[in-house]
Structure formats: structure tokens, C-alpha cells
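Undergrad: One structure coming up, written as C-alpha cells, with questions to follow.
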Amino acid sequence: MDKFEQVKRIRIRDKPEFIDISMQFQFKLTKKDKEPTTLIFARQDRIMEFNFETEEIKEICIFEVPLTRQPEFFLMNDNQQVSIIASIDDGIYYNHKTGLYVDLDEEFRISNIKEIIHDHEDRVFYLLANKFEEKLGLFMIRFSEVDPREHQFFMKWKNKLDIADADVAVMRNQQKKYKELVVSYKTIFINTYNVVCMDISVEDEQTLIFRHESFQLWESESSGFLLTENKDFITLNKSGMQ
Numbered sequence: 001m002d003k004f005e006q007v008k009r010i011r012i013r014d015k016p017e018f019i020d021i022s023m024q025f026q027f028k029l030t031k032k033d034k035e036p037t038t039l040i041f042a043r044q045d046r047i048m049e050f051n052f053e054t055e056e057i058k059e060i061c062i063f064e065v066p067l068t069r070q071p072e073f074f075l076m077n078d079n080q081q082v083s084i085i086a087s088i089d090d091g092i093y094y095n096h097k098t099g100l101y102v103d104l105d106e107e108f109r110i111s112n113i114k115e116i117i118h119d120h121e122d123r124v125f126y127l128l129a130n131k132f133e134e135k136l137g138l139f140m141i142r143f144s145e146v147d148p149r150e151h152q153f154f155m156k157w158k159n160k161l162d163i164a165d166a167d168v169a170v171m172r173n174q175q176k177k178y179k180e181l182v183v184s185y186k187t188i189f190i191n192t193y194n195v196v197c198m199d200i201s202v203e204d205e206q207t208l209i210f211r212h213e214s215f216q217l218w219e220s221e222s223s224g225f226l227l228t229e230n231k232d233f234i235t236l237n238k239s240g241m242q
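This is the structure in C-alpha cells:
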């Protein structure tokens, strides 16, 4: 697509239903060759859909126990039957088909959630948290999109350090038969930017391939991401691109 076209302008701030919504949203799936007209949003206490043509709002579900603060993460699986909604402090799993509701922070005993991604091939979610059982560290959990009670910890590194600007990506190559998990983050006090790469080709075995550390001021914002084509890892900060 060479250019974008504005379909409609809607003043969300004038609608009380959109107070404290997540900045992440989803386009509701449509039948083949039909343009989407509905967005799916999450709030602290519910998931709702918004038709931007008619401006009609419908509730999809109301949570048994709302999040303690505005959600930062809102993800759905490919068929949109599963939703993950999370703030920094707590998270919710909701299965729209079965009605299964799981309090993620209570189930995993984690808090200070830093990143969540979905892997559509393995039908799992990856969640990166900075606290497990109230202890600081790096904690990576992989759980099934069908039932998050089926989960395993990929990382349980207790380092007594706050982390920020975290990113998680899955890198794969079908021909070479490899699959790797790439995690990046910066740490307080020691002022480092860290990149960790793990081999996750075998489900029950995770091998650390490499770990990189470089200088990064905690006060300076940074971001890391994995390029799709050549698999290079890029870091962006005020000094430029690396």
C-alpha cells in the first residue's frame, strides 16, 4: 500500500466508555474480502467493541475482578477467541469460547509485567515479568493460549534489578529447523542494555545461545527490535541506531 486514507475521525476523549482504555487494540475479524468496521478495546474492567461507522459500542465481557490500573497490553490469538489484558501490576486471561477466566498474576505469582507477545505457530503466549514471588529479576513464562495453567518458566533469573524498555521476539527458520527466543531490556544501577538469545526448538529444552551487554543509561529511553528479513537485532536510543 503506497498511501493511507483517513476513513473517519472520532473524538474518543469525548466518550466516557473510553476512559482508561488500553492503547493497544484489535480490528475485529470479518468475512473474506470484507473491510473491517469494528475495533476491539480493553479497559480495566471489560472488553468491548466499537463500530467506527455507526459509533455503536457493545460490551463483550466484564471481568470478575478488574485490573488495578489502566491496561498497557491487550492481545488476542489469531481467531480472536482468547484475550490477554494486562497492566504493569496484574493480568487477565479470558477465553471467549469457553468462558475460562484466569488471574495471571495470581496463577504465576508475578508482577511488574514488562512485555507480552503471541506466537501463532505454537499457539502460545510469552510473558516477561520483573518480579516473581515479590523478588526482582528476569522471569519469562510461556503458556498455552487454550489454558494458561499449562505453562513453564523459560527464565528464572533473580538479579535484584529493575528492568525497562523490554522487547521479546521469536525468530525462526523452517528450512534450517531452528527457533529462537530473543529478549532485550535495560537494567537500573549497572546501566546496561542486555540481549539474550535462547534456543527453543525443543519444547522442554531451552539452551542459552548468547548474551550481550552494552552500556545504556537508565534515564535514557531505548528500544530494541528484530528485523524480519535478515534477522538483525537493532537498538534505538538517543545516540542513534546500532
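Sequential numbering from 1 applies to the sequence shown in UniProt numbering. The beta carbon of each residue, even a glycine, is placed where N, CA and C say it ideally should be.
Which residues in the same chain have their Cβ closer than 6 Å to the Cβ of Ser201, if we skip the five residues on either side of it in sequence?
TA: Working through the sequence shown from its first residue, we reach residue 201 at position 201. If we look at Ser201 and ignore the five residues flanking it on each side, its Cβ neighbours are Tyr178 and Lys179.
Undergrad: Within the chosen definition, does the stretch 152-166 reach the stretch 132-140 through at least 3 CB pairs nearer than 8 Å?
TA: Output reads yes: the stretch 132-140 touches the stretch 152-166.
Undergrad: Closest to Ala42 by C-alpha separation, out of Lys32, Lys31, Lys34 and Ile62, would be which residue?
TA: Locating residue 42 in the sequence shown gives position 42, counting from the first residue. Of the candidates Lys32, Lys31, Lys34 and Ile62, the one whose C-alpha sits nearest the C-alpha of Ala42 is Ile62.
Undergrad: Can you tell me the Cα-Cα spacing of Tyr94 and Arg142, whole angstroms?
TA: Along the sequence shown, read from residue 1 onward, the residue named residue 94 stands at position 94. Along the sequence shown, read from residue 1 onward, the residue named residue 142 stands at position 142. Distance between the alpha carbons of Tyr94 and Arg142: 16 Å.
Undergrad: Does Lys114 pass the burial test, meaning 16 or more other C-beta atoms within 10 Å, or should it be called exposed?
TA: As a first step, residue 114 is located in the sequence shown; it is residue number 114 there, counting from the start. The residue in question, Lys114, is buried, as its Cβ has 16 or more Cβ neighbours within 10 Å.
Undergrad: For the beta strand (DSSP E) containing Asp105, name the first residue and the last one.
TA: Position 105 of the sequence shown holds residue 105. Asp105 -> not in any beta strand (DSSP E); alpha helix (DSSP H) instead, spanning Leu104 to Phe108.
Undergrad: Opposite Arg46 in the DSSP bridges: which residues?
TA: Sequence index remark: in the sequence shown, residue 46 carries index 46 (1-based). Looking at the DSSP assignment, Arg46 forms a beta bridge with Ile62.
Undergrad: Among Leu128, Arg69, Ala129 and Asp122, whose alpha-carbon lies nearest the alpha-carbon of Ser144?
TA: Mapped onto the sequence shown, residue 144 falls at position 144. The option with the nearest alpha carbon to Ser144 is Asp122.
Undergrad: Run through DSSP, which three-state label would Glu213 get?
TA: As a working mapping, residue 213 is identified with position 213 in the sequence shown. Glu213 falls in the strand class under three-state DSSP.
Undergrad: Start and end of the beta strand (DSSP E) containing Ser144?
TA: Taking the sequence shown and counting its residues from 1, one reaches residue 144 at position 144. Start and end: Lys135 to Ser144.
Undergrad: Where in the stretch 65-103 do unbroken runs of the alpha helix (DSSP H), each at least 4 residues long, occur, reported from the N-terminal end onward?
TA: If we require 4 residues or more, the stretch 65-103 turns out to have no alpha helix (DSSP H) run fully inside it.
Undergrad: Who does Met198 pair with in a DSSP beta bridge?
TA: For the purposes of this step, residue 198 is taken as residue 198 along the sequence shown, with counting starting at 1. Answer by DSSP bridge pairing, in chain order: Leu181 and Leu208.
Undergrad: Name the two residues that bound the continuous beta strand (DSSP E) containing Met155.
TA: As a position in the sequence shown, residue 155 is number 155, starting the count at 1. Run containing Met155: His151 to Trp157, per the beta strand (DSSP E) assignment.
Undergrad: Classify Phe73 as buried or exposed, calling it buried when 16 or more other Cβ atoms lie within 10 Å of its own Cβ.
TA: Numbered from 1 along the sequence shown, position 73 holds the residue referred to as residue 73. Classification of Phe73: buried, given that the 10 Å Cβ count is 16 or more.
Undergrad: Could you give the residue range of the beta strand (DSSP E) that holds Lys15?
TA: For the purposes of this step, residue 15 is taken as residue 15 along the sequence shown, with counting starting at 1. Lys15 -> no beta strand (DSSP E), and no H or E assigned at all.
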